[in-house]
Amino acid sequence: MLSDWRIYALGSAIFAGLTAVLAKVGVSGLPSNTATLIRTIVIIMFLIALVALRGEWVNPFTLSSRSLTFLVLSGIATGLSWICYFRALQMGPASVVAPIDKLSLFFAVLLSVLFLGERLSLYQWGGVILMSFGALLVALK
């Protein structure tokens with residue numbers, strides 16, 4: 001059961017929701033980029049411990065150049081996302097910033113269809129549209 005990807009996807013959603021509330025409180029009184037740096041350091045320390053405990057270390061220089069390139073690009077995109085997210089949280093309410101951030105669902109689906117050749121059913125497209133519309137409704141208040 002713990003190998004089912006849906007459990008991890010739900011965990012991701014729960015922790016992302018928790019992240020919005022914790023980050024909103026944490027970013028108060030300091031520059032958003034400093035808050036992002038502190039968060040990143042914590043993540044790095046956590047992941048070093050996790051990889052060490054699970055014995056999953058792989059020398060990055062042994063990876064294919066394609067894998068390494070896309071992981072670096074993904075890291076850059078993540079960093080830019082976090083910088084924007086923390087600045088938005090500093091300036092706006094978490095109850096509005098988080099739903100707008102979740103429009104990433106629409107962009108992830110669209111990009112996976114365009115560049116990865118993934119296919120969605122009509123019902124799945126309906127869900128993506130409804131979730132995106134819901135995020136926009138929350139953002140417009």
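Residue numbers are given in my numbering: position 104 of the sequence shown equals residue 104, and the series is strictly consecutive.
Heads up, the beta-carbon is just placed ideally off N, CA and C, and yes, glycines get one too.
Quick caveat, the model's predicted, so the values are computed rather than measured.
{"Asked": "By Cβ distance below 8 Å, which residues in the same chain neighbour Ser112 in space, the five residues on each side in sequence not counted?", "Found": "Glu118"}
{"Asked": "Determine the contact status of Gly106 and Val72, defining contact as a CB-CB distance below 8 Å.", "Found": "Position check: residue 106 holds Phe in this sequence, whereas Gly was assumed. Not a contact, by the Cβ cut-off of 8 Å."}
{"Asked": "Less than 8 Å between the beta carbons of Ile100 and Ala52, yes or no?", "Found": "no"}
{"Asked": "Does the distance from the CB of Phe86 to the CB of Ala23 come in under 8 Å?", "Found": "yes"}
{"Asked": "For Trp57, which three-state DSSP category applies?", "Found": "coil"}
{"Asked": "Exposed or buried, what is Leu89 when buried is set at 16 or more other beta-carbons lying within 10 Å of its beta-carbon?", "Found": "buried"}
{"Asked": "When you compare each of Ile7, Val25, Pro31 to Ala94 by their alpha carbons, which one comes out closest?", "Found": "Val25"}
{"Asked": "Are the beta-carbon atoms of Val96 and Ala49 separated by less than 8 Å?", "Found": "no"}
{"Asked": "For Gly79, which residues in the same chain have their Cβ closer than 7 Å to its Cβ, ignoring the five residues on either side in sequence?", "Found": "none"}
{"Asked": "Quick one: complete alpha helix (DSSP H) runs, 4+ long, within the region 20-98?", "Found": "32-54, 65-91"}
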